[in-house]
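Using the working numbering, the first residue of the sequence shown is number -10, and each one after it goes up by one. Glycine included, C-beta positions come from ideal geometry on N, C-alpha and C. Below is one structure, written out as structure tokens; comments come after it.
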Amino acid sequence: ACSCPAATNVCSRRLAVQQQISLTTMAHAYDLGADDLLTPADHEAVKQLKELVSDDLSSWTMKHESTKTDYKAMCRNVEDSPLLMFRGQITINAPPETVARSMTPPAVDFAKVMKEIDAMVIAPEVLEDTDLKHLTIYANFTTPPMVTNRDVVWTEMRTKISDDEFLMVVNNTEHPSKPPEPESLMMSHVRAHIHVSGWYFRRTPDNKCHTVFVAHLDPKGWLPALIVNQISLDQCANVKRCKARVEGKAVEA
């Protein structure tokens, strides 16, 4: 039970988030177990993501490890690319099915959820709600001053792979409603490309959620790889923002 005002406020925020997640689930009946909706490409993407989120960290370089939490930010080289792949991971104090559901809102709430988790996003929107597992999404993202903002179109597939594991796979795509801008000095957005991205949620022995996010992105246009890699490191912190949202707390430094 919560006995002090600070603890009461935290509990109230956490309850509000849990209620929102429950209402979200009822508002749109995503079926994380509907395996018949998975395509051969989905199965291949699941296999690839599972390899990237494995507990074997020998190919990753640690960039930050929190002394207050188990948050880790790391990167690794990608063959034939100067751009690094990034990985963030953390434990969230909720079961994995709760965390997975918190990432599968109906289209009307998607922009709010994404802005809470990704600090760089400006205007996300759902273009197509294809079926109980697949969405097509468009968003634009902030960049450093004097650099043209980026936009991207992607698909998201969410699925349950066991009673203890859930994941979300992100794939680059295009959509006729959001064509790339023609190249010019006055263009407002440069179309970026997602090589690999996704989320993984696994139950821990104490019924919490081991959460991993990976991303390998190419912003395109003229940006030195060194700058891209520095900017992309912040994407690891998406797991911290996800934890804060689910637990109803402020994002930890």
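DSSP state of residue i mapped onto helix, strand, coil
| i | result |
| --- | --- |
| D98 | helix |
| S70 | strand |
| N218 | helix |
| V235 | helix |
| L27 | coil |
| T80 | strand |
| V35 | helix |
| D223 | helix |
| V88 | helix |
| V42 | coil |
| V136 | coil |
| V228 | helix |
| E241 | coil |
Per DSSP, the bridge partner or partners of residue i
| i | result |
| --- | --- |
| M146 | H123, V158 |
| S64 | Note on identity: in this sequence residue 64 is Cys, with Ser being the wrong assignment. Answer by DSSP bridge pairing, in chain order: T50, F75. |
| V115 | I126 |
| S55 | Answer is none; S55 lacks a bridge partner. |
| S151 | E154 |
| V110 | F130 |
| V141 | A128 |
Cut-off 7 Å between Cβ atoms - residues of its own chain near residue i, not counting five sequence neighbours on either side
| i | result |
| --- | --- |
| S166 | L116 |
| K52 | A62, M63, C64, L222 |
| N227 | G77, I106, D107, F202 |
| P169 | R180 |
| V240 | K229, R230, A233 |
Sequence-distant residues of the same chain with beta carbon closer than 6 Å to residue i, five excluded per side
| i | result |
| --- | --- |
| M109 | F130, T131 |
| E114 | Y127 |
| E154 | R191 |
| A204 | F75, S186, Q224 |
Contact set for residue i: own chain, Cβ-Cβ below 8 Å, skip 5 residues either direction
| i | result |
| --- | --- |
| L12 | Low confidence applies to L12: its pLDDT is 33, below 50, so where it sits in the model is not reliable, and the reading given next is rough at best. Here the set comprises nothing. |
Which full runs of the alpha helix (DSSP H) of 4+ residues lie inside the stretch 161 to 218, going along the chain? Entirely contained in the stretch 161 to 218, not one alpha helix (DSSP H) run reaches 4 residues.
Between the stretch 110 to 127 and the stretch 141 to 154, can you find at least three pairs of beta-carbon atoms closer than 8 Å? The count of Cβ pairs closer than 8 Å, one atom from the stretch 141 to 154 and one from the stretch 110 to 127, reaches three, so the stretches are in contact.
Could you say if the stretch 77 to 88 and the stretch 193 to 211 meet the contact criterion of at least three C-beta pairs nearer than 8 Å? Below 8 Å, enough C-beta pairs join the stretch 77 to 88 and the stretch 193 to 211 to call them touching: three or more.
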